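K.L.:
Heads up: the sequence shown at position 22 corresponds to 27 in my numbering, and the numbers run straight through without jumps.
The C-beta atom is built at its ideal place from N, Cα and C for all residues, glycine as well.
The structure presented is a predicted model; accordingly, all values stated were derived computationally and were not measured.
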Amino acid sequence: MPKTADRAARARARWCALITSLLLAGTAASMAQAQTITALPDQTSAIRLSNRDVNHVICVGGEIEDVKFSAEKAIAVEKSGSDAWIKFLVKEIDDAGQVTRSYVTVPSEFFVSCNGAIYPLYAEPSDIPAQTVTLAPGKAQRAKANDDLLGPLVEEERAVSVTLAMLQDRIPASFSAVAPRLGLIDLAGLPGARITERRRVMIEGSGLSASEYRIDVPADTTLDERAFLDRTLGARIFAVSADRLALKAGEAARIIVVRREAGE
């Protein structure tokens, strides 16, 4: 009877080990599939692409004009609008009914034209799931996109456009996210209020930056937007907007502060 119990225990241990290895393998595969690859213009990005599945390339905020690569290599590329697809071709050999497959392992270079910029990609074909490569705008492309968006507007209209984009959570891809300030912020005109910076963006080419703040109040309060014209929040504040002014105790409001950058 003890031997039977030992065999059962060993069988359970093997089963648990098998389940654990399968779970770990599944987790690793899903992590590889969920990987996001971001490439920037005018600098070579070393990446890994699937040598079995179709890989996806996305041009953010524009179209892919061209994809150049070595035509002698076993590669198929298609493009449409902002998307391109890269497939390393699999070589099949049929030897008397025995089919063997040979997968590409030699790295290749791609030169993708997106938004008027060139994105050099040095791609290593690997046994991984299909990958998605995002071609992010560089500083020059972001500045041009922001100029196209805000250039026709007068200064007050620019501030309104930026404020609405943040309040509506529809921030253009050409706005650059900047790490917000950590910790609580004290303003002389709002004693007792808890103020934190939730996010900050730089708007290249426009001479503007903006922040979203959250303010929590301990008592019923009517906010005065002029209280946020404080150098603590920036030296060159241009506009302040709140999503609400009348707050009850424990309620919160969102404040958008737009600044002019130095030298503008």
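Can you give me the C-alpha to C-alpha distance between Y218 and A170, rounded to a whole angstrom?
P.N.:
Here the question's residue 218 lines up with position 213 in the sequence shown. Here the question's residue 170 lines up with position 165 in the sequence shown. Roughly 14 Å separates the two Cα atoms.
K.L.:
Is it a yes or a no for the region 80–97 touching the region 168–184, going by three-plus beta-carbon pairs under 8 Å?
P.N.:
The region 80–97, when compared against the region 168–184, does not touch it at the 8 Å Cβ threshold.
K.L.:
Whole angstroms are fine: how far does the CA of E160 sit from the CA of D152?
P.N.:
Along the sequence shown, one-based indexing puts residue 152 at 147. Along the sequence shown, one-based indexing puts residue 160 at 155. Their backbone Cα atoms lie some 12 Å apart in a straight line.
K.L.:
Let me make sure I understand the geometry here. Which of V82, T226, A267, T237 has the alpha-carbon closest to that of A251?
P.N.:
Residue numbering aside, residue 251 sits at position 246 when the sequence shown is read from its first letter. Comparing Cα-Cα distances from A251 to each of V82, T226, A267, T237, the minimum goes to T226.
K.L.:
I want to know whether the region 240–250 touches the region 137–150 - three or more CB-CB distances under 8 Å.
P.N.:
Contact between the region 240–250 and the region 137–150 is absent, because fewer than three Cβ pairs lie under 8 Å.
K.L.:
Identify whether V95 lies in helix, strand or coil by the three-state DSSP scheme.
P.N.:
On the sequence shown, residue 95 is found 90 positions in, with the first residue counted as 1. Looking at V95 - three-state DSSP - the assignment turns out to be coil, as it is neither helix nor strand.
K.L.:
Three or more beta-carbon pairs under 8 Å between the region 75–82 and the region 111–119, yes or no?
P.N.:
With a cut-off of 8 Å, the region 111–119 and the region 75–82 count as touching, because enough Cβ pairs lie within range.
K.L.:
What are the complete alpha helix (DSSP H) segments, minimum 4 residues, inside the region 137–170?
P.N.:
Taking only runs of at least 4 residues, the alpha helix (DSSP H) segments lying wholly in the region 137–170 are 144–155.
K.L.:
Are the beta-carbon atoms of N56 and Y108 separated by less than 9 Å?
P.N.:
Reading the sequence shown from its first residue, position 51 is the one you call residue 56. Reading the sequence shown from its first residue, position 103 is the one you call residue 108. Cβ atoms of N56 and Y108: closer than 9 Å.
K.L.:
Using DSSP bridges, identify the partner residues of S131.
P.N.:
Within the sequence shown, the letter at position 126 stands for residue 131. For S131, which the question treats as bridged, DSSP gives the partners S55.
K.L.:
Among E68, A224, D47, which residue has its Cα nearest to the Cα of R199?
P.N.:
Within the sequence shown, the letter at position 194 stands for residue 199. Answer by Cα proximity: A224.
K.L.:
Could you check the C-alpha separation between P196 and G239 for me, to the nearest Å?
P.N.:
Numbered from its first residue, the sequence shown carries residue 196 at position 191. Numbered from its first residue, the sequence shown carries residue 239 at position 234. Computed Cα separation, rounded: 19 Å.
K.L.:
Am I right that I220 and A257 are in contact with their C-beta atoms under 8 Å? What's the rounded C-beta distance?
P.N.:
Locating residue 220 in the sequence shown gives position 215, counting from the first residue. Locating residue 257 in the sequence shown gives position 252, counting from the first residue. Going by Cβ atoms, the distance from I220 to A257 rounds to 6 Å, so yes, they are a contact pair.
K.L.:
Does DSSP put F180 in a helix, a strand or coil?
P.N.:
Taking the sequence shown and counting its residues from 1, one reaches residue 180 at position 175. Coil, per DSSP.
K.L.:
Check the DSSP bridge columns for V82 and list the partner residues they point to.
P.N.:
As a position in the sequence shown, residue 82 is number 77, starting the count at 1. According to DSSP, V82 bridges with I91.
K.L.:
Report the residue from L192, G66, E202, Q173 whose alpha carbon sits nearest the alpha carbon of V183.
P.N.:
The residue given as residue 183 occupies position 178 in the sequence shown. Looking at the Cα atoms, E202 is the closest of the given residues.
K.L.:
V117 and A89 - do their beta-carbons sit closer together than 9 Å?
P.N.:
For the purposes of this step, residue 89 is identified with residue 84 of the sequence shown, where counting begins at 1. For the purposes of this step, residue 117 is identified with residue 112 of the sequence shown, where counting begins at 1. Yes; because the gap between Cβ atoms is below 9 Å, this pair is in contact.
K.L.:
Please classify L189 as buried or exposed, where buried requires at least 16 other C-beta atoms within 10 Å of its C-beta.
P.N.:
What you label residue 189 is simply residue 184 of the sequence shown in a count that begins at 1. L189 is exposed by the Cβ-count criterion.
K.L.:
If you count every other CB in all the chains shown that lies within 10 Å of the CB of G102, and 16 or more means buried, which is it?
P.N.:
To locate residue 102, count along the sequence shown from 1; it is residue 97. Classification for G102: exposed.
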